[in-house]
Ligand code: FAD
Ligand code: NDP
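In the working numbering, the protein residues as written are 204 to 689.
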């Protein structure tokens, strides 16, 4: 990469840049990427492979609680990676309990010690080919490029109408950087971030409560989502359902008193916590990019950038990838793939577009939920219930037997078209290592796999994934879907 501008390397004087462009009439760079996260870095690295002159601007605005980090974006600093490691730490706690059933002598009590390791030009457009940046120290620099990619991601939202929310609450931007255990924690929201964080905090032995205003994991198959929360409840996570916070106050004891409205009981309730975390979604910071000046269109409700199938914005040479874009999944692999493909189209004579269909994903709750394709609800809505066949099974992972672990929520379903070929529309799996299980099947589904092909696939015994190849009970039949024995 020609230039990677970070705090450590001061940028050239802005005046000089302007003069160079004025003298030559040329832009300094072939490609300028604003945002050094998953999508931005993938795009920049790929463009550099084509021998192009590339610059990346990355700047992390500290969170309201003052947390900041370096290059790499959300995934590596405050997202997927620290989250998966915390998830693994919690799973190890469960494994320690299991180990005793397998004959290991482990001296009691076993408890977790909170251990954390800590690890910046902010760009805004001044004209369609020019981005102006300010270093943390307030120094100005100007970069010009033929093509510009916006990959600035998003940041956690705060509930603006809840008094004390900003003052006393934290978000996932802060959680992974805490020096001390969060203690008794309330997490508001009920989607990926909330459930995953609540899952590992519970697993680490902390008193953890999730406050949910509507349904868990909106947009996911709701039968699967209910099983995920059911398992979490049985595992110790508390749920406050149909509740909305109204205020957060700091008590003399330094604890945070939260007041909320319980819609079912139509009354106000309170409790105190050591930590209150908002996991109510993420929003892009498009305002500071000065997009109106250059004519890049955004969705007025979400603030996200409107792009076409080639990731192009309303301005021909300005593109956007990743979480900042309207209607795309907020996932690292899609941001990376979109960034790479864009660089290949821009500089490598490729015309391949990013395919956002059948993107697999996994929610890393204590019992993981992995899926690819349509939910049962979406399949019914698209094709009608008479045209859908759902094969399903409850199963018991072999590892659970010796450890006497409850497998009530270990469940999978395959949503297929009912006509003769029975093309698979969606696969949903709850159980250990769901991400690993779904990744392979995602290839089959991407290639148009059918139910007969799936059941002709020989299983690997003894695994949980093999149960997918053995699915034979339809929901329509009403037969007991519990798998017994080999
Ligand atoms: P980002 O990675 O957010 O990068 C954007 C970068 O641009 C940041 O460094 C930002 O500071 C910088 N920036 C912003 N504005 C400017 C500006 N004006 N000038 C210069 N720089 C700027 N996805 C998965 O696939 N799997 C997971 O398990 C997973 N877990 C997650 C867990 C959590 C807690 C969270 C919050 C997210 C998780 N995600 C996961 C989602 C994933 O992290 C994002 O989809 C991904 O990081 C998006 O990449 P991006 O390139 O669009 O943006
Ligand atoms: P989401 O937008 O997915 O969910 C927001 C949650 O907060 C919903 O439950 C929503 O409820 C609730 N909510 C919204 N506003 C309020 C409010 N004012 N008061 C109370 N509750 C509210 O956001 P997340 O932060 O969970 O995740 C962001 C994205 O990050 C995800 O979409 C995902 O793509 C990515 N991610 C991926 C992961 C993975 O791949 N494993 C892990 C973590 C994140 P309601 O349904 O009622 O609107």
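Note that the Cβ used here is the ideal one computed from N, Cα and C, for glycine as well.
(message) Quick check on the DSSP output: the alpha helix (DSSP H) that includes residue 284 runs from which residue to which?
(response) In the DSSP annotation of this structure, the continuous segment of the alpha helix (DSSP H) that includes residue 284 starts and ends at 283–304.
(request) Go ahead and label residue 376 buried or exposed: buried means 16 or more other beta carbons lie within 10 angstroms of its beta carbon, across all protein chains shown. (result) Classification for residue 376: buried.
(request) Report all residues from its chain with a CB closer than 8 angstroms to the CB of residue 463; omit the five preceding and five following residues, and keep chain order. (result) 414, 443, 446, 447, 448, 449, 471, 472 and 473
(request) Please confirm if the segment 515–529 is in contact with the segment 487–507, defined as three or more CB-CB distances below 8 angstroms between the two stretches. (result) Using a Cβ-Cβ distance cut-off of 8 angstroms, the segment 515–529 and the segment 487–507 are in contact, since at least three pairs of beta carbons, one from each stretch, lie closer than that value.
(message) Just to confirm my understanding: we take residue 284, look at its own chain, exclude 5 residues before and 5 after, and list those with CB closer than 8 angstroms. What are they?
(response) The answer, listed in chain order, is 278.
(request) Using 8 angstroms as the cut-off, classify the Cβ of residue 566 as near or not near the heavy atoms of ligand 2, replying yes or no. (result) yes
(request) Pick out the complete beta strand (DSSP E) segments inside the segment 574–638, 3 residues or longer, and give them in chain order. (result) 591–597, 614–620 and 627–633
(message) What I want to know is whether the C-beta of residue 490 ends up closer than 8 angstroms to one or more non-hydrogen atoms of ligand 2.
(response) no
(message) Within 10 Å of its beta-carbon, does residue 305 have 16 or more other beta-carbons around it, so buried, or fewer, so exposed?
(response) exposed
(request) Pick out the complete beta strand (DSSP E) segments inside the segment 333–379, 3 residues or longer, and give them in chain order. (result) 333–337 and 343–353
(request) Examine ligand 1 and report whether any of its heavy atoms sits within less than 8 angstroms of the Cβ of residue 570. (result) no
(request) Ignore the nearest five residues each way along the sequence and tell me which others in residue 534's own chain have a CB closer than 8 angstroms to its CB. (result) 562 and 564
(request) Scan the segment 484–564 and note each continuous beta strand (DSSP E) run of 3 residues or more that stays entirely inside, going in chain order. (result) 521–523
(message) With the cut-off set at 9 angstroms, would you say residue 616 and residue 435 are in Cβ contact?
(response) 9 angstroms or more divides the Cβ of residue 616 from the Cβ of residue 435.
(request) Please go through the same chain and pick out, in chain order, the residues whose beta-carbon is closer than 6 angstroms to the beta-carbon of residue 542, but skip the five residues on each side of it. (result) Excluding residues within five positions, the ones whose Cβ falls inside 6 angstroms are 242, 245, 246 and 524.
(message) Less than 9 angstroms between the beta carbons of residue 438 and residue 569, yes or no?
(response) yes
(request) Identify every residue that forms a DSSP beta bridge with residue 159. (result) The structure shown does not extend to residue 159, since the chain is modelled only from 204 through 689, so no value can be given for it.
(request) Tell me where the alpha helix (DSSP H) around residue 403 begins and ends. (result) 395–406
(request) Between the Cα of residue 382 and those of 347, 407 and 316, spot the shortest distance and give me the residue it belongs to. (result) 316
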